[in-house]
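Trainee:
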Amino acid sequence: FIHGAAEQGVASMSDPTSGKTGTGTWGLSFPQMFKHFSDIFPGEAEWGLGPGNMVGLPNVMDVSHPYGMIYGEACPQGRAYYLSSSEKHGRFLSGANSTSQPHLGIPSVSTIGTAICSVWIAKSPQILKMTHGLFGILCGSSLGTLMAYALGPNPTYDARFERGQVTAKWVLCPGVPIIAIRVDENYSAKRRSHQRVWAVVLNALGEVFYLTDIPPPPDLRPNPCPEELDRIAWETGRTMRWELIEPTRRIARPNPFNKFLVDGSYSPRSSSNSLGLNPDQISAETKEIENFLAFKPKHFRQVCDGWDMRRKLEVDFAGDNHNNSGESVVVLNCGFGEHQTSSIRRFMRQKVHITIPWSSDEAYSSISTPASQSIFGQSSVSGSASSSPPLFRNSEQLAETYSPVTIEWRTSDFVFEEQKSPQITASALDTSTYAQLTTSEDPLSGIYGGSSTSSQSSSPLLSSMSQISSPADIPGKRACYLAVGTSTGSVYVWDVRAAVSQAPNITNKVSPLRIIRTDSPQVSCVALTSLYLVHGGNDGLVQAWDPLASSLQPIRTLNSRFSSRARRRLLQAEASAVGVGHNYFAAGAICLDPDPTVLRGVVSIGSHLRYWSYSSSAADQYKSNKRRLRHSPRGNNSSPGTQRFTSTGRGALQDYIANERYELERQKKADQKQRELLSGRFGVDLLGPDASEEELLAYAQMLSEESYTSDERKGRDSESSAGHSSSGETISPNENSNSNLPAPAQIRTTFATPSYTAVATVTEELDPDVAEAIRLSLLDEPSSSSVHGVPFKLKPASASSQIMVATSFPPSMMVTERGLEQEVDDLEFALQLSLAEEASRRAEYSVSPSGDTEDGDEFPALGGVLSRSKANGKGDART
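According to UniProt numbering, the residues represented by the sequence shown are 1 to 879, in order.
(1) Residue 439 and residue 322: beta carbons closer than 8 Å?
(2) From 319, 538, 261 and 59, pick the residue whose C-alpha is nearest to that of residue 436; which is it?
(3) Could you have a look at residue 322 and say whether DSSP puts it in helix, strand or coil?
(4) What residue does the alpha helix (DSSP H) around residue 168 start on, and which one ends it?
(5) Terminal residues of the continuous beta strand (DSSP E) containing residue 148?
(6) Using CA atoms only, rank isn't needed, just tell me which of 92, 77, 50 and 51 is closest to residue 36.
(7) What is the residue span of the alpha helix (DSSP H) that residue 299 lies within?
(8) Specify the secondary structure class of residue 55 as computed by DSSP and reduced to three states.
(9) Is it true that the CB of residue 52 sits closer than 8 Å to the CB of residue 296?
(10) On the CB-based measure, 16 or more other CB atoms within 10 Å of its CB, does residue 739 come out buried or exposed?
(11) Shorter than 8 Å from the beta carbon of residue 525 to some beta carbon of chain C?
(12) Which residues bound the beta strand (DSSP E) around residue 527?
(13) Nearest to residue 505 by CA position, among 12, 692, 842 and 347, is which residue?
(14) Looking at C-beta atoms only, is the number of pairs between the region 124-141 and the region 213-225 that lie closer than 8 Å three or more?
(15) So what's residue 748 in DSSP terms, helix, strand or just coil?
(16) Could you tell me which whole beta strand (DSSP E) segments of length 3 or greater appear in the region 110-161?
(17) If you count every other CB in all the chains shown that lies within 10 Å of the CB of residue 711, and 16 or more means buried, which is it?
(18) Apply the 10 Å Cβ neighbour rule to residue 680 and answer buried if 16 or more other Cβ atoms are within range, or exposed otherwise.
(19) Please give the ranges of any beta strand (DSSP E) in the region 195-275, keeping only runs that are unbroken, at least 3 residues long and fully inside the region.
(20) Can you tell me the Cα-Cα spacing of residue 612 and residue 272, whole angstroms?
(21) Measuring CA to CA, which of 667, 657 and 538 is closest to residue 604?
(22) Hey, out of 594, 90 and 777, whose CA is closest to residue 185's CA?
(23) Would you give the residue range spanned by the beta strand (DSSP E) that residue 509 belongs to?
(24) Might you give, ordered along the chain, the residues of its own chain that have their beta carbon closer than 6 Å to the beta carbon of residue 151, omitting 5 neighbours on each side?
(25) Using only the alpha-carbon positions, how far apart do residue 667 and residue 683 sit?
(26) From what residue to what residue does the beta strand (DSSP E) around residue 83 run?
(27) Return the chain-ordered list of same chain residues with a C-beta closer than 8 Å to the C-beta of residue 208, the five sequence neighbours on each side being excluded.
(28) Where does the unbroken beta strand (DSSP E) through residue 558 begin, and where does it stop?
(29) For residue 341, count neighbouring Cβ atoms within 10 angstroms of its own Cβ and tell me buried if that reaches 16, exposed if not.
(30) Helix, strand or coil: which one does DSSP assign to residue 411?
(31) Whole angstroms is fine: what's the gap from residue 880's alpha carbon to residue 344's?
(32) What are the start and end residues of the alpha helix (DSSP H) that includes residue 289?
(33) Among 523, 86 and 266, which has the Cα closest to the Cα of residue 65?
(34) Do residue 233 and residue 166 have their beta-carbon atoms positioned less than 8 Å apart in this structure?
(35) Is the region 110-124 touching the region 164-183 in the sense that three or more CB pairs, one from each, lie closer than 8 Å?
(36) Suppose you measure from the CA of residue 198 to the CA of residue 239; what does that come to, to the nearest Å?
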């Protein structure tokens with residue numbers, strides 16, 4: 001692996017076998033003290049903001065495993081530093097200064113106010129071979145100039161260039177910084193024959209320039225001087241033309257009173273030799289470019305809309321619409337400004353064929369002679385040469401041959417599923433192996449005869465099947481994912497090859513395919529292939545996800561978040577006026593294997609790198625033979641039984657199989673325990689393991705009906721028993737002792753008449769408070785019979801019955817029984833009084849004048865008894 005630190009400007013290589021730098025001290029033996037904008041101009045606003053007199057931003061860097069690293073100082077008087085992978089010491093690249101030669105189209109460029117804002121270095125030999133070594137390094141400056149450098153001698157091309165030799169120069173947008181560069185690493189001769197886009201740059205105003213042609217190699221004499229190299233570089237740049245995507249052209253601010261000296265929507269740039277300009281026109285163009293080079297950022301912010309140096313650029317060079325076009329350029333507005341909102345806009349290249357009617361001569365010449373019958377049973381070829389095209393040429397090639405082509409860029413907006421778009425903190429495009437292949441290069445399309453790598457006759461499919469007509473015929477529709485991480489901890493995934501609008505002036509909207517809600521406060525980096533996605537948070541959390549949403553949870557946690565103390569310090573730093581600065585807890589960058597089926601990659605966390613691989617073959621390849629000290633699982637935090645991942649940089653490389661086996665066994669035990677619980681509680685296996693669902697439902701219905709019937713029967717029995725017990729308790733609380741009671745006690749049962757039962761029922765239905773009040777009022781009344789005048793004599797119970805009660809019950813129960821007897825006696829006494837009054841009242845109404853009645857004989861008058869008792873002077877009514 002090769003990895004670099006943009007803050008320090010150093011790069012190094014490491015070997016996962018040893019876990020250390022495997023190529024000695026490459027990149028570390030001769031560290032350079034680079035200049036930084038924040039150190040030279042403290043307190044000055046970056047990104048061309050603030051006063052707008054200068055451009056400054058954090059230094060930029062790009063690394064390449066086969067060719068080394070390129071580093072750019074993003075401050076005034078900035079330089080580019082190149083370190084080859086075969087050297088221990090690097091060099092600063094020259095060629096930024098240029099002396100004015102208007103007749104040759106060379107403007108005056110000075111490095112005094114120039115900052116290197118974007119860099120790129122080749123990562124594959126294909127691009128070096130196709131460009132003859134001219135495009136090994138690209139550097140974009142704050143003045144809008146683009147410079148190309150050679151990597152040095154290389155076996156992929158014949159030219160002999162020195163390391164870091166300038167090869168080409170352009171002025172694309174004078175005065176406006178170039179902030180992003182993208183180059184097709186898989187550029188080939190076939191793509192060049194189709195005039196496909198292979199280089200794209202983006203400036204601070206959102207303008208996008210692209211390149212479809214390659215400059216021819218220049219003729220160099222041995223040992224040229226620096227001035228001659230600079231002149232040849234400008235001449236080489238004029239052999240090709242950078243095109244502008246028209247929908248991205250800068251937008252001028254409203255100027256109703258003509259306060260601005262120049263039009264905000266106009267900008268000159270270096271022309272090409274294909275325009276055929278004379279020396280006077282070239283000289284006038286060069287002077288106009290020099291005037292624009294003198295403008296400061298504040299001028300462009302005043303006359304133009306959309307100044308933003310923190311935009312991001314992603315390019316899908318392999319997009320194909322079966323018309324030798326379909327490249328997609330995605331511009332991401334991150335929304336870091338005060339009045340800016342995040343947005344994502346895609347520009348897809350379309351080739352539109354213009355139909356031109358044939359002339360009369362051409363029409364007559366295309367008429368073929370009648371075909372004659374061949375003796376071999378087939379029609380012979382007609383005599384006209386233009387009768388029919390060759391059979392191996394498809395319709396697209398015919399259209400390019402017989403009709404002119406115009407280029408259109410269709411616009412699409414990638415929308416968020418939120419009312420307020422969050423800030424974009426990271427972005428990534430699927431750069432796996434198959435995502436970088438066009439339709440004609442795809443092995444799957446080669447089965448149908450559309451690829452040169454496979455023939456139709458050798459295909460296992462039928463020979464009658466024609467070539468694929470649209471990407472919809474391929475599984476997955478050749479989708480290419482674009483992932484974006486936000487400041488809210490969410491990751492959005494779109495298909496960058498989604499359908500476009502049919503009209504060039506209509507902008508369609510594309511919804512995200514997947515929205516991932518991570519546990520990180522912010523997403524600091526993201527990487528993806530066609531099979532899985534990996535995100536890194538600013539809290540150190542690194543997780544792998546499935547973009548197809550087969551699982552809503554992360555597939556694997558590759559690195560856990562830092563401690564709560566570290567996260568608390570991070571929150572405190574965010575709330576401070578200084579800000580976070582360099583967050584060494586966050587995941588800085590993620591790199592995945594180009595083969596999507598090989599699940600391995602590396603992530604940088606602070607000053608450490610963490611490597612993972614879940615492929616058995618890859619694990620054996622990087623397995624070390626060094627004998628390691630074995631630790632006891634007991635009390636060891638890194639044992640497989642306590643955590644799933646080791647604390648080493650290789651992650652769960654060696655413990656993965658054991659951990660998975662442990663997880664499967666634990667899951668089996670949990671499932672068995674769950675089945676036993678269901679069986680014991682609900683009896684799901686009473687009918688056997690082969691019971692059908694209908695049988696189980698019928699059995700459950702039968703049990704439910706039986707339970708309902710049993711509960712209903714128990715309810716009726718309890719109600720009837722409660723009614724009998726309540727009536728029995730009202731009449732005689734102690735039925736067992738009624739037979740042993742004397743006559744006065746047995747007399748109480750004679751009052752169990754229907755009227756008495758009704759009164760008892762009414763008493764039971766009374767409110768408890770009312771019943772208590774009645775009981776207390778009865779207790780307060782005197783028990784003397786002389787007051788009421790009732791001629792009844794109650795005899796106390798015999799001693800034998802008292803002895804029986806005392807010996808039959810404990811003292812506590814006997815006291816309770818006596819209290820109940822007292823209440824019953826009071827109630828019976830009250831009923832006797834009521835019945836006696838009712839009887840006397842009836843006797844008064846039914847008495848005759850002579851006084852001889854039947855009722856009078858049966859019931860003596862109470863008045864006579866009372867008067868007789870008063871006359872005798874006795875207080876108790878005893879007989």
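We put the beta carbon where it would ideally sit given N, CA and C, even for glycine.
Mentor: This is what the structure gives:
(1) Residue mapping note: residue 439 aligns to position 439 of the sequence shown, counting from 1. Residue mapping note: residue 322 aligns to position 322 of the sequence shown, counting from 1. The Cβ atoms of residue 439 and residue 322 lie closer than 8 Å to each other.
(2) Here residue 436 refers to the residue found at position 436 of the sequence shown. Among 319, 538, 261 and 59, the Cα nearest to that of residue 436 is on 319.
(3) By one-based count along the sequence shown, residue 322 stands at place 322. DSSP places residue 322 outside both helix and strand once states are collapsed to three, so it counts as coil.
(4) In the sequence shown, counting from the first residue as 1, residue 168 sits at position 168. Judged by DSSP secondary structure, residue 168 falls outside any alpha helix (DSSP H) and instead within the beta strand (DSSP E) spanning 166-171.
(5) Start at 1 with the first residue of the sequence shown, and residue 148 comes out as number 148. Boundaries of the beta strand (DSSP E) harbouring residue 148: 145-149, taken from the DSSP string.
(6) As a working note, residue 36 is residue 36 in the sequence shown. Here the closest residue by C-alpha is 77.
(7) Looking up residue 299 in the sequence shown gives position 299. In the DSSP assignment, residue 299 falls within the unbroken alpha helix (DSSP H) covering 297-303.
(8) Indexing the sequence shown from 1 puts residue 55 at position 55. Assigned with DSSP and collapsed to three states, residue 55 falls in coil, not helix or strand.
(9) Counted from its first residue, the sequence shown places residue 296 at position 296. Counted from its first residue, the sequence shown places residue 52 at position 52. Contact annotation: residue 296 and residue 52 have beta-carbon atoms nearer than 8 Å.
(10) Sequence index remark: in the sequence shown, residue 739 carries index 739 (1-based). The predicted position of residue 739 is uncertain, since its pLDDT is 41 and thus under 50; no value can be drawn from it.
(11) In the displayed structure, chain C is absent; only one protein chain is listed.
(12) On the sequence shown, residue 527 is found 527 positions in, with the first residue counted as 1. Per DSSP, residue 527 belongs to the beta strand (DSSP E) from 523-528.
(13) Mapped onto the sequence shown, residue 505 falls at position 505. For the residues 12, 692, 842 and 347, the minimum Cα distance to residue 505 belongs to 347.
(14) The way I'd put it, the region 124-141 does touch the region 213-225; three or more beta-carbon pairs between them come closer than 8 Å.
(15) Working through the sequence shown from its first residue, we reach residue 748 at position 748. Because residue 748 carries a pLDDT of 41, less than 50, the predicted location of this residue cannot be relied on, and the following value inherits that uncertainty. The DSSP-derived three-state label of residue 748 is helix.
(16) Every beta strand (DSSP E) of 3 residues or more that sits fully in the region 110-161 is shown, in chain order, as 116-121, 137-141 and 145-149.
(17) By 1-based counting over the sequence shown, the position of residue 711 is 711. With fewer than 16 other beta carbons inside 10 angstroms of its own, residue 711 counts as exposed.
(18) By one-based count along the sequence shown, residue 680 stands at place 680. Exposed: under 16 other Cβ atoms inside 10 Å.
(19) Fully enclosed beta strand (DSSP E) runs of 3 or longer: 199-203 and 208-211.
(20) Against the sequence shown, residue 612 aligns to sequence position 612. Against the sequence shown, residue 272 aligns to sequence position 272. The straight-line gap from Cα to Cα measures roughly 49 Å.
(21) For the purposes of this step, residue 604 is identified with residue 604 of the sequence shown, where counting begins at 1. Considering only alpha carbons, the answer is 538.
(22) Taking the sequence shown and counting its residues from 1, the one referred to as residue 185 is at position 185. Comparing Cα positions, the closest option is 594.
(23) Walking along the sequence shown from the start, residue 509 turns up at place 509. In the DSSP assignment, residue 509 falls within the beta strand (DSSP E) that extends over 508-510.
(24) Position 151 of the sequence shown, counted from the start, is the residue given in the question as residue 151. Within the same chain, residue 151 has close Cβ partners 67 and 136.
(25) The count along the sequence shown starts at 1 and reaches residue 667 at position 667. The count along the sequence shown starts at 1 and reaches residue 683 at position 683. Computed Cα separation, rounded: 22 Å.
(26) Numbered from its first residue, the sequence shown carries residue 83 at position 83. That run of the beta strand (DSSP E) goes 80-83.
(27) Translated into positions along the sequence shown, residue 208 becomes position 208. 200, 201, 202, 244, 245, 248, 313, 329, 331 and 347.
(28) The count along the sequence shown starts at 1 and reaches residue 558 at position 558. For residue 558, the enclosing beta strand (DSSP E) covers residues 556-559.
(29) In the sequence shown, counting from the first residue as 1, residue 341 sits at position 341. Its Cβ having fewer than 16 others within 10 Å, residue 341 is exposed.
(30) As a working note, residue 411 is residue 411 in the sequence shown. It is a strand residue.
(31) The question about residue 880 has no answer, for the chain in this structure spans 1 to 879.
(32) As a position in the sequence shown, residue 289 is number 289, starting the count at 1. Counting along the chain, the alpha helix (DSSP H) containing residue 289 begins and ends at 279-293.
(33) Residue numbering aside, residue 65 sits at position 65 when the sequence shown is read from its first letter. Answer by Cα proximity: 86.
(34) Working through the sequence shown from its first residue, we reach residue 166 at position 166. Working through the sequence shown from its first residue, we reach residue 233 at position 233. Yes, Cβ-Cβ distance for residue 166 and residue 233 is below 8 Å.
(35) The count of Cβ pairs closer than 8 Å, one atom from the region 164-183 and one from the region 110-124, reaches three, so the stretches are in contact.
(36) The residue given as residue 198 occupies position 198 in the sequence shown. The residue given as residue 239 occupies position 239 in the sequence shown. Between residue 198 and residue 239, the C-alpha separation is close to 16 Å.
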